[in-house]
Structures are given as structure tokens and as C-alpha cells.
Amino acid sequence: MRERISLVKSGELKPGWGSFSHIVGGYDTGYYGYTHLLVFAAEMYITVFKRGPLDPIIGQLYRSKILLSGGSRDEMDFLCRPPIDAIWESIVVSLETYFGPEGRSVPIQPCNIVKHVKRSNISIEPVIDDMTLSTDSKLLAFGYTVELMLPMVENGKEALGSMGNGAPLPAMATQPRLMYEYFRQLFAQVTNPPIDAIRESIVMSLETYFGPEVPQNLLPSPILTIEEKNAMKNLKHVYPAWPSVTIDITFPKEGLPGYQLALQRVCSKAAQAVEDGVKVIILPDHATGPTCVPLLALVACGGVHHHLVLQKMRAKVALMVETCEAREVHHLCVLVGYDTDAVCLWLMMETIHEIDRENLIKSSMTVDELTTHYRHSIDHGILKVMSRMGISTLQSYKGAQILSLHSEVVERCFIGIASRVQGATFDLLALDTFKLHERGWPTRGTILPPGMPESGEYHWWDGGEAHINDLGGIANLKYAVCEKNRTTYDMYALNANEQAKSIHLHGLLDFRYENAMPIPIEQVEPWNEIVLSEVGLGNQHTNLLQGILISYSDMKRPVTLIATTGID
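Each step along the sequence shown adds one to the number in numbering that gives the first Met the number 0, with nothing skipped, and position 396 is 395.
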């Protein structure tokens, strides 16, 4: 035993020590490692903090004894404790009792979990139904479209649109929206982020520890495949200290009151599971069907998280979401940012199998390769968001800004998050869920063409969501500039102002002329000077602005002109 002590003090590492502790870093001439205890060693100082069944021993190592913490090296301040070799021997015995003779203090990784669960003759292979993309009702019920899925699966890169978003806020939209769209990033979209996620990838990491105590699960990414998810569910068969429970987050299609009742039921079951010693809580929504409607995954996760925090139980359990609705980078960023430990996008993973089965991608890639491409696109997108915030590890990524969510939702599921504009209540969120559910399993028969629809988010689509720059407005503006036609321009200005009222918050505002105080006309900058200053913003706008300047040089009140020709 004395040899093991000297090894720790001298900075050497031998198999006898390594089998009981995972060395994760160095400090001076010593090392620190962890098991269910946190043992810190540097030169002649050793401190042991309680993280398990042993009594805490806190102090300094001095002449093979423990010196009372905070005392001096005077003989009278020594605390009579056993010699250090006896202390180490008791630690080793406890570790063997807790982890077994081989020791399992090294973090458990998904690949190891899958391997060990398969050895236990437990089937964890994904079971894919015989549905096609044109007949799978779940895709319609969760608002899937073809605009983003295929590029991510085929190319392994996040599908991109324009930097501007001319679509209305979710609370003002005509189409049902997922809850993720109520969240906005708190940082600016810049072209020179603090960290380059590609060239500085060596400092970027999506690794996260999954679980309440050591040995913890070390996830290289918060995204799990169906096979890894099934292995996590059966983790207790390999590691009995890791029992899990599955709490269904669907509820009968019984109207708006059932939504909040279902949320309360899920929160109560989660708290009871923690009291029963469960280490992993899984929240699935795959029971969604003709008679069952799902809670929004973000509502369920946020509600359970804050309920456990208020009960002082959150640190005792890991929270995993098994969801159909999340599939984009922003969706995953919001889930992870609001304390979801791991996410299985099981419907998206099943859809990849269907894409391969129907040969929708002209490629010789296997299902595993397509899945890897999709996971890479999600991981790279999360890293890109992190780099813009100037952070390099996933565990530092928390928080966002909420737009148009009512305080009753924020105070229940997103405590402490800024929501400066009131908006959707639980009832409105439930209505959107019911509308999407009706698409997948309509109450009455429909004659709509089969398959996933176009959303109209990234290019114009008849019946899609309206945008501030619609086809009619752009056509009128182009004709007004080219033909110097004032009537057509007035039509464009009227259309733009009307569109703003139904899309942007500023479109709902108006000037209070009755309280206005006029200023001398000499203090007003001439309108032609304002227009000329706008030309300097970019050469691409020069011809447009000069054309407007020539066409309307006789206008006396160009307020509408200035307001509607800005750069979007």
C-alpha cells in the first residue's frame, strides 16, 4: 500500500492505481482522479472529498498523518488519524465493494453500453415499420417537410436559408408552429465569430456527462441513435446501479384541459421515480396515434426539469427525451440549452431508413452512413452556434430569449428566462399541437395528395406561410423602378405596410400624432440627402435608389419611400 501512495505523490501511474481511478488531469507533481470519491493529490498534500459511502477525510498529509484542516503544523494541531496507508487501504476495499474487483470508474461510453447490452442477449436493434414517406401519418402530425431533411442526410451539412427571416413570429403565424420557433438566439449573427468551429475544432467539444454520479456515461454527442437509446433503456441489465424509467408524454385526445393535466401527470411521475432511486428518466412521444396527442417535447422536458429543481431532486437523475418532433439544428440547440441531457430523434432516424428503402437519394451509401451524415450535420450546426457565442464546450451552452410566449408557460417550464413580449398560452400551444395532429390523422376524410407538404419557409409555396417580401410586392417594386411608374410603387408600398401588420411587431405600432411636438423645418435633413446616404451602404442598391430618386424627385412627403426601401 505504501508503494501506491508514493506513486500518487511522485506523479507516476501504475496498473494497480489505474484500475481504481480514471486519471483526468495533472497538477504540479501529482495527479487527481475520481471514482465515487474525488481524490486530489499534489506533492505532499492529499485531500479526500466525500462522494460515496466513505466518511469525509479533509486535511493535509504530513508525516503519514492527517493534519486538521485550517490548523498549523504545530504538534498540538495534529488530528489523530490512522496512517495514510491504512486510509488508502480502506478506500481500495470500498472501491472493490462498490465497483467490483476490476473497477469501473472510467466513464461509460455509448459504444461500450451497446456492446455490453448485446452480450446480455438483449435485442436493441431498431424495429422499422413498413410505412413509406407518403403514408406515414406521424410525419404530417409533427410538421415534417422535405426542405431540410434530404440535404442533411445526403450531404452531412446543415441546410441553409437566407440570414434574414421574413416569416411572421409564431404567435402571429397562420400555420401551426413547433415551440422551438418561439425561441431566438441572444447573440448576433456575425461573419467573424469569436471561435472558428472548423479551424479551431481542437478546442471544441460536444462531450457531456450523462447521469447523477460516477461512473457516469460520457456521451461524445447529445444525439443518440435508436440502437444507443435502446441500450440506455436496458442499462440496468449491465449496471444494476443504473435503473431507468420511461414516462409516456402523450395523452388522450380529449381537448384543451387534458394538456396541462398531462404535464402535471408527467412531472409527478418523474418526482416519484427519483424517490424510488431511478437514475435515468426517459420521456418518449412515440405512442402518438389517432387517439393520442403528444405534449411538446420542450414543454415536457422543461416542466419536468423545473419540477425536479423545485423538489431538489434534479441532480439525482439524468433526463433523456425520445422525440418525434425535433429534427433541425435549432431544435436540438433549444432542447440541450434547457437542460436535456440526451436526445434520441427516433422518427428522424426511422425516416432515414425509409429514405434508403425507397432509394430517394442517388447514392450508394448505407443506412449507417446516412445516419452518420445526419448526426454530423446536427453536431456541426450545434458547434457553429456555440462558436458564435464564444464557448467551446457543450456544458457551457445554456439560455436563450423567448419571443411571444405567455408568462404562464415561462413560469412553469422556463423559469428565469427573459420573455419581453406576452403571447401564446398553454391553450394556444395545445391548439397548434391539435392542428398538426389533425394533419396526420384527420377526423374527416380528405382529398389532399399523399406525402409531406412544402412549408413555404425557404421558398414561396402556394398556401405556405406568408413572408414580408412576397412575389407581388417584389414584382411591383421592380416594375416601378424600371418603368418609373408611381402608381405601381404606391401599390408596392401599400402591400409592404399591410404585410408588416401581420408579420412584424413594429407593424402593429403607430405614431401618436396628437401628442407630437413639431420642430422647425430647418432642423429636418432634406430627403434627397437621406436617400443619397443610403446609396453608400452597398453598390448592389445604387441603381435601385437612384431610379427612385429620379422618379420621385417631386414628392413632398417621402416618408413612406424612406421607410419601405431599406435593406432587408
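From the three backbone atoms N, C-alpha and C, an ideal C-beta is built for every residue, glycine too.
On a predicted model such as this, the values are computed, not experimentally measured, just so you know.
The three-state secondary structure of E482, taken from DSSP, is helix.
Residues of the same chain with a CB within less than 7 Å of the CB of D247, apart from the 5 flanking positions on each side, are P283, A286 in chain order. Within the DSSP bridge table, the entry for P293 names T249 as partners. DSSP, read as helix, strand or coil, puts M319 in strand. Residues D284, A296 of the same chain have their beta carbon placed closer than 6 Å to that of T322, with the five preceding and five following residues left out of the count. In this structure, W345 lies away from A140, with their beta-carbon atoms at least 9 Å apart. With distances taken between CA atoms, I354 lies nearest to T134 out of L476, T134, S406. Apart from the 5 residues on each side of it in sequence, A261 sits with its Cβ closer than 8 Å to the Cβ of I248, T249, F250, L294 in its chain, given in chain order. DSSP places A423 within a strand segment (E or B) once states are collapsed to three. In the DSSP assignment, T207 falls within the unbroken beta strand (DSSP E) covering 207-209. Of the residues assessed, S122 falls on the exposed side of the cut-off, its CB having fewer than 16 other CB atoms within 10 angstroms.
In this structure, DSSP gives V277 a state outside helix and strand, which the three-state scheme calls coil.
Pairing R176 with D431 gives a Cβ-Cβ distance under 9 Å.
Residue L369 holds the alpha-carbon nearest to the alpha-carbon of L149 among G301, P211, L369. Under a 10 Å Cβ-count criterion, I529 is classified as exposed, with fewer than 16 other Cβ atoms of the shown protein chains found around its own Cβ.
Around the beta carbon of G471, fewer than 16 other beta carbons sit within 10 angstroms, so the residue counts as exposed. By the Cβ-count criterion, I414 is exposed, with fewer than 16 other Cβ atoms from all chains shown falling within 10 Å of its own Cβ. Counting of Cβ neighbours within 10 angstroms places G142 among the buried residues, the total reaching 16 or more. Beta-carbon to beta-carbon, Y258 and G301 are separated by about 14 Å, too far to satisfy the 8 Å threshold. Relative to the Cα of G380, the nearest Cα in the group G210, V335, T350 belongs to V335.
Using a Cβ-Cβ distance cut-off of 8 Å, the segment 205-219 and the segment 323-333 are not in contact, since fewer than three pairs of beta carbons, one from each stretch, lie closer than that value. Distances from the alpha-carbon of R419 to those of S403, K434, C412 put S403 closest. According to DSSP, residue pairing for N527 in a beta bridge does not occur. If you draw a straight line from the Cα of E226 to the Cα of V480, it is about 59 Å long.
By the criterion of a C-beta distance shorter than 7 Å, A170 is surrounded in its chain by S403, G422, A423, once the five residues flanking it on both sides are discounted. Taking M151 as the centre and dropping the five residues before and after it, the same chain places the C-beta of E157, A158, H372, Y373, S376, I377 closer than 8 Å to its C-beta, in chain order. Contact between S501 and P167 holds: CB atoms are separated by about 6 Å, below the 8 Å threshold. Beta-bridge annotation (DSSP): I222 is paired with V342.
Residue M348 holds the alpha-carbon nearest to the alpha-carbon of A325 among G506, M348, L309.
Within a 10 Å sphere around the beta-carbon of R313 sit 16 or more other beta-carbons, which makes this residue buried.
Per DSSP, the continuous alpha helix (DSSP H) segment holding L331 begins and ends at 328-336. According to DSSP, T392 shares a beta bridge with S204. When C-alpha distances from A230 are compared across L435, D367, I112, T207, the shortest belongs to I112. CA-to-CA, the gap between R485 and L476 works out to about 10 Å. Approximately 30 Å separates the beta-carbon atoms of L359 and T339; this is outside 8 Å, ruling out the contact.
Distance between I222 and V320, taken at the CA atoms: about 10 Å.
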